[in-house]
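Start counting the sequence shown at 1007; every next residue gets the next number (my numbering). For glycine and all other residues, C-beta sits at the position ideal for the given N, C-alpha and C. Note sheet for the following structure.
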Amino acid sequence: MRPTDLLEEEHRVIERMLECLEKMVEKAQSDGKLDRGAALDAVAFFREFADRCHHAKEETHLFPMMEAYGFSPHAGPTAVMRHEHEQGRAHVVGMAEAAKALGEDPKALATFTRHARAYTELLHEHIAKENECLFPMANNALGPEEQKKLLELFEKVEEEGGAHEVHAKFLRMAEEMGERFGVKGPKLGSAIGHSHAACNK
């Protein structure tokens, strides 16, 4: 398994939760109220799984290695991806604050909806750019030794952040949220399990 294969598998988990977020917003618009617990769960997922587990691998290891092989850190594709990560974080903060303000701020639902829709659009496009453009570039630039080193570095991200347990928790959340909001998709647990096995080889 290549490092980008692992990242693409994590993308599938993130996309599952993005679809749940879209359904959550649709239901809130229809009902005139947002499920605060589900909203805060989604925020936790995007903070912990999407950002601290997934984006950490990219920003700490993949992007710098690509830049060491000639990609510009200032105007190249990795710079664009970093900027989009920051935009996503701002929307997650907006969702979190709005969800906590439900019942107190009459504009909270509209604010949550605005950030949620902007975030889902951003992340869907971001994931497509990485899967279709950035990752193929990385695979062309990095040889077998570099790929092996990246897998080892990715595993350190998992170990240092306790992300093995985080993955298991948020995989269950993505499955349960998918069932709750009628978002169908393949079982998610095996993909990450295989990723860990590959990292440990």
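A residue is called buried once 16 or more other Cβ atoms fall within 10 Å of its Cβ, and P1150, having fewer, is exposed. Taking 8 angstroms as the cut-off, the beta carbon of M1023 is found no closer than this to the beta carbon of A1044. Here DSSP, grouped into helix, strand and coil, assigns Y1075 to coil. In summary, E1032 is exposed, with fewer than 16 beta-carbon neighbours lying within 10 Å of its beta-carbon over all protein chains present.
By the Cβ-count criterion, K1063 is buried, with 16 or more other Cβ atoms from all chains shown falling within 10 Å of its own Cβ.
Rounded to the nearest angstrom, the Cβ distance from P1083 to L1128 is 16 angstroms, too far for a contact under 8 angstroms. From the listed residues R1018, A1122, L1068, E1110, the smallest Cα separation to R1088 is found for L1068. Proximity of the segment 1009 to 1027 to the segment 1124 to 1138 meets the contact definition, three or more beta-carbon pairs being nearer than 8 angstroms. Counting along the chain, no alpha helix (DSSP H) covers L1068, and no H or E run does either. Put simply, the backbone Cα of G1184 is about 16 angstroms away from that of H1173. The beta carbon of I1133 is closer than 6 angstroms to those of H1017 in its chain, skipping five residues each way along the sequence. Here L1040 is near F1118, since their CB atoms are less than 8 angstroms apart. With fewer than 16 other beta carbons inside 10 angstroms of its own, H1080 counts as exposed.
Contact between M1071 and L1013 does not hold, since their C-beta atoms are separated by about 13 angstroms, which reaches or exceeds 8 angstroms. In the DSSP assignment, G1100 falls within the alpha helix (DSSP H) that extends over 1083 to 1106. Closest in C-alpha terms to V1163, from the list M1007, K1113, M1101, H1060, comes H1060. Considering only L1108, H1091, F1051, S1036, the residue with the shortest C-alpha distance to V1019 is F1051.
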